[in-house]
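A.B. asks: Sharing a structure, written as C-alpha cells. Questions coming.
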Amino acid sequence: MPTHRRYLATATALGTAAVLAVTGCSTTNKTASATGGDPSAAAQVAVGNAGPLSAAAAMASVCGDKPVKVGLVDGLGTNSWSKIVRAEIEDEARKCPAISGVEYVAGRGDLQSTLAGITSMASKGVNVLLVIPDAGPGPAHLSALRAAANAGVTVLPIAADPQGKPGSDYFDYVDWDTPYLGEVWAKWMIDRLGPKGGNIVMLGGPAGNPVSQAHLSGIKKVLAGAPQVKLLTDEPVTTNWDPAMEQQAMSGLLAKYPKIDGVISDYGAAATGVLRAYQSAGRPLVPIATTDDNELSCGFTALKAKNGGYELATVSSRTWIGRVALRKGVAVVNGKADAEPSRLQLDLFEDSTGGAGGAVTPDKACKADLPNDAPPSSQLDTAQLATLFQG
C-alpha cells in the first residue's frame, strides 16, 4: 500500500512551465469551494499532474506567515504504514512555524467513523485537511469530503482515490500513480517467469478498496499482452493489509492451487504473511512483487539461500505522500506557487535481480538497526523511525 521524495515549486510562470514539461497535461484548480474560498491562491498550485520523483519542493517554499491548522483523517489507521504516514506528515508540518499542529482521527476501517472524522475536522476549523479515504469504496467518502470543501477547507485526499472531481469535491488528490504501479509489478513478474510463464495471484487490502482495485487494473493491462502468465485471482484477495490475514489468505490459495509461480501483494509489511504461508505449506518461495518493508529486505539473503527461485521487487511504500499534499495545501493557504506532481510515477525501489536501473538490492535497502516494519524508503531518518516504533 498501501510505498520514495520531494518536488519543485517556483514562481507561477516557472511552475507552470515545469508542470507542462513534466506532464504535457496539467491544470490549476480555480474553484473557490475547495480552496478555502480563494481561487487566485489555488490557481498557483498544480492539480492532477503526473511526474517523477525528481521534481522536488521544500516546505520553506510554500510556508508563509498565515496561521495554518492541519487535520489528518485516516480511514484505517491501525497498521504500521498508517503510523509512519502520520509521523511523516507531522515531521513535515514542523518545518513550517505557521502550522500549529496536526489534528488526527483514525477511522479504524469503519466508514461511518471516517466520515464523522472528516465532518469533525471541518467543524474544528482546520485550514488544510488530508484524508486517506480507504475505509470503504472511494466514492462513499465523497459527500463528507465535498461538505468540508464547501465549508472552506482545502481538502486533499491522499493514498486512496475517492474518484471525485478536483475543484468541486476536493482540491486535489495526491498519490502514486496507482495503475502505473500495477504495471511495474506485472512487467517485472513477466520477466521473472520468462517465456514459459506461469500462474500468479494478487493480494490486496480491505474488500473493495480503491487502491488495490487500481493496482489490479494496471496488472491486468500488462497481462493482456502476456498470455503465458495467468492471473488466478480475478479480484484482489482481501487481507485488510494485515500480515496474519495475508498469511491465512495465502495459505488458502496454496491449498486451492497446486501451482502458484508468483505473488503480487500491494503492502510489503503484509507480504511477510506470504512468506510464512509458503514455509508452513512446505513449498519453495517464488518471486514476490510488493512495496518496501525492512523485514523483507533484511531477510532476503537468508531465504534466497534456501529458495533458489525466490526473488523480490518492491516500490516505495510512499509513506511520505502526505508531505506532498501538505505542501500543496499550505501553498493554497499562503497564495504561493507549487508545481509538484499530484501522481507520482514510481519505478522499482528494490530489485533482487539487479536488473532494474536505479533500484537497489535488498541487502543495500536493509536497515538492520531498525524494526521490521520500517520501510527503507521512508523520509524519516533512522533515529525518528527508531523512536516511532519504540513509542
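For the sequence shown, the residue numbers in mature numbering (1 follows the signal peptide of the UniProt record, and there is no 0) are -21 to -1, 1 to 370.
Built from N, CA and C at the ideal position, the CB exists for glycine as well.
Just so you know, these numbers come straight off a predicted model, no measurement behind them.
1. How is Thr157 classed by DSSP in three states: helix, strand or coil?
2. May I ask you to list the residues that DSSP assigns as paired with Ile267?
3. If you drop the 5 nearest sequence neighbours on each side, which residues of the same chain put their C-beta closer than 8 Å to that of Gly3?
4. Between the C-alpha atoms of Gly176 and Leu182, what's the straight-line distance to the nearest angstrom?
5. I'd like to know whether the C-beta atoms of Leu359 and Glu67 end up nearer to each other than 9 Å.
6. Go to Asn273, then tell me how far its alpha helix (DSSP H) extends in each direction, as first and last residue.
7. Which residues mark the beginning and the end of the alpha helix (DSSP H) in which Ile97 is found?
8. Grab me the residues of Glu69's own chain with a C-beta within less than 7 Å of its C-beta, minus the 5 sequence neighbours each way, in chain order.
9. Rounded to the nearest angstrom, what separates residue 409 and Gln258 at their Cα positions?
10. Beta-carbon separation of Pro189 and Gly96 under 9 Å?
11. Of the residues His120, Glu162, Gly197, Thr366, which one's Cα is nearest the Cα of Leu349?
12. Have a look at the DSSP bridge pairing and note the partners of Lys209.
13. Taking the beta carbon of Gln207 as the centre, do at least 16 other beta carbons fall within 10 Å, making it buried, or is it exposed?
14. Alpha carbon to alpha carbon, what distance is there between Gly287 and residue 374?
15. Tell me whether the beta-carbon of Pro320 lies closer than 9 Å to the beta-carbon of Ala25.
16. Verify whether the separation of the beta carbon atoms of Ala268 and Ala205 is less than 9 Å.
17. Which residues in the same chain as Ala123 place their Cβ atom closer than 7 Å to its Cβ, once the five residues preceding and following it in sequence are excluded?
18. Run through the DSSP bridge pairs and tell me what Glu214 is partnered with.
19. Among Ser296, Ala292, Gln369, which residue has its Cα nearest to the Cα of Ala338?
20. Just to confirm, is the Cβ distance from Val110 to Gly54 under 9 Å?
21. Compare the Cα-Cα distances from Gly261 to each of Leu211, Glu274, Ala234 and report the closest residue.
22. Do you know how far the Cα of Ala353 is from the Cα of Thr340?
23. Nearer than 8 Å: is that true of the beta carbon of Gly287 relative to any heavy atom of the ligand MN?
24. Can you tell me where the alpha helix (DSSP H) holding Ile137 begins and where it ends?
25. Taking the C-alpha atoms as reference points, what is the distance between Ile198 and Pro158?
26. Strictly under 9 Å for the Cβ-Cβ distance: is Ile300 near chain C by that measure?
27. List the endpoints of the continuous beta strand (DSSP E) containing Lys343.
28. Across which residues does DSSP place Gly30 in a beta bridge pair?
29. Please classify Thr251: is it buried, with 16 or more other beta-carbons within 10 angstroms of its beta-carbon, or exposed?
30. Mapping DSSP to helix, strand and coil, what is Leu108?
31. Quick one: Cα of Asn129 to Cα of Thr57, how far?
32. So, with DSSP's three-state summary, where would you put Asp330?
33. Where do the ends of the beta strand (DSSP E) carrying Val24 lie?
34. Around the Cβ of Ser296, are there at least 16 other Cβ atoms within 10 angstroms (buried) or fewer (exposed)?
C.D. replies: According to the data block:
1. Stepping through the sequence shown from its first residue, residue 157 is reached at position 178. Note: Thr157 maps to helix in three-state DSSP.
2. Locating residue 267 in the sequence shown gives position 288, where the first residue counts as 1. Val242, Leu291.
3. Taking the sequence shown and counting its residues from 1, the one referred to as residue 3 is at position 24. Its pLDDT being 36, under 50, Gly3 is placed unreliably by the model, and nothing is read from it.
4. Counted from its first residue, the sequence shown places residue 176 at position 197. Counted from its first residue, the sequence shown places residue 182 at position 203. Looking at the two C-alpha atoms, the distance is approximately 19 Å.
5. By 1-based counting over the sequence shown, the position of residue 359 is 380. By 1-based counting over the sequence shown, the position of residue 67 is 88. The Cβ-Cβ distance between Leu359 and Glu67 falls below 9 Å.
6. Counted from its first residue, the sequence shown places residue 273 at position 294. Run containing Asn273: 273 to 285, per the alpha helix (DSSP H) assignment.
7. Indexing the sequence shown from 1 puts residue 97 at position 118. From DSSP, the alpha helix (DSSP H) with Ile97 extends over 90 to 102.
8. As a first step, residue 69 is located in the sequence shown; it is residue number 90 there, counting from the start. The answer, listed in chain order, is Val81.
9. The structure shown does not extend to residue 409, since the chain spans only -21 to 370, so no value can be given for it.
10. Position 210 of the sequence shown, counted from the first residue, corresponds to residue 189. Position 117 of the sequence shown, counted from the first residue, corresponds to residue 96. With a cutoff of 9 Å on beta-carbon distance, Pro189 and Gly96 are scored as not near each other.
11. Here residue 349 corresponds to residue number 370 of the sequence shown, with the count starting at 1. Nearest option by C-alpha distance: Thr366.
12. Taking the sequence shown and counting its residues from 1, the one referred to as residue 209 is at position 230. According to DSSP, Lys209 shares a beta bridge with Asn178.
13. One-based indexing of the sequence shown puts residue 207 at position 228. Gln207 should be labelled exposed.
14. Coverage of the chain is limited to positions -21 through 370, which leaves residue 374 absent and any answer about it impossible.
15. The sequence position of residue 320 within the sequence shown is 341, counting from 1. The sequence position of residue 25 within the sequence shown is 46, counting from 1. Judged by their CB atoms, Pro320 and Ala25 are nearer to each other than the 9 Å cut-off.
16. Position 289 of the sequence shown holds residue 268. Position 226 of the sequence shown holds residue 205. No, these two residues do not count as a Cβ contact at 9 Å.
17. Numbered from 1 along the sequence shown, position 144 holds the residue referred to as residue 123. For Ala123, where only same-chain residues beyond five positions count, the Cβ hits under 7 Å are Leu94, Ile97, Thr98.
18. Along the sequence shown, read from residue 1 onward, the residue named residue 214 stands at position 235. DSSP, once it has assigned bridges, lists no residue as partnering Glu214.
19. By one-based count along the sequence shown, residue 338 stands at place 359. Looking at the Cα atoms, Ala292 is the closest of the given residues.
20. In the sequence shown, the residue the question calls residue 110 occupies position 131. In the sequence shown, the residue the question calls residue 54 occupies position 75. Contact flag set, yes.
21. If you number the sequence shown from 1, residue 261 lands on position 282. Minimum Cα distance to Gly261 is reached at Ala234.
22. Position 361 of the sequence shown, counting from 1, holds the residue named residue 340. Position 374 of the sequence shown, counting from 1, holds the residue named residue 353. Annotation: Thr340 to Ala353 spans about 17 Å, alpha carbon to alpha carbon.
23. Only the bare structure without any ligand can be found here, which leaves the ligand MN out of the picture.
24. For this step, residue 137 is matched to residue 158 along the sequence shown. From DSSP, Ile137 is part of no alpha helix (DSSP H); its letter is neither H nor E.
25. For this step, residue 198 is matched to residue 219 along the sequence shown. For this step, residue 158 is matched to residue 179 along the sequence shown. For Ile198 and Pro158, the distance between alpha carbons rounds to 8 Å.
26. Of the protein chains in the structure, only one exists, and it is not chain C.
27. What you label residue 343 is simply residue 364 of the sequence shown in a count that begins at 1. From DSSP, Lys343 is part of no beta strand (DSSP E) but of the alpha helix (DSSP H) over 341 to 344.
28. For the purposes of this step, residue 30 is identified with residue 51 of the sequence shown, where counting begins at 1. Per DSSP, Leu323.
29. In the sequence shown, counting from the first residue as 1, residue 251 sits at position 272. Looking at its Cβ environment, which holds 16 or more other Cβ atoms inside 10 Å, Thr251 is buried.
30. Taking the first residue of the sequence shown as position 1, residue 108 is located at position 129. Three-state DSSP puts Leu108 in a strand.
31. What you label residue 129 is simply residue 150 of the sequence shown in a count that begins at 1. What you label residue 57 is simply residue 78 of the sequence shown in a count that begins at 1. Distance between Asn129 and Thr57, taken at the CA atoms: about 29 Å.
32. Position 351 of the sequence shown, counting from 1, holds the residue named residue 330. Note: Asp330 maps to strand in three-state DSSP.
33. Against the sequence shown, residue 24 aligns to sequence position 45. For Val24, there is no enclosing beta strand (DSSP E), as DSSP marks it with neither H nor E.
34. Within the sequence shown, residue 296 is the residue found at index 317, counting from 1. Burial is judged here by how many other beta carbons sit within 10 angstroms of a residue's own beta carbon; Ser296 has at least 16 and is buried.
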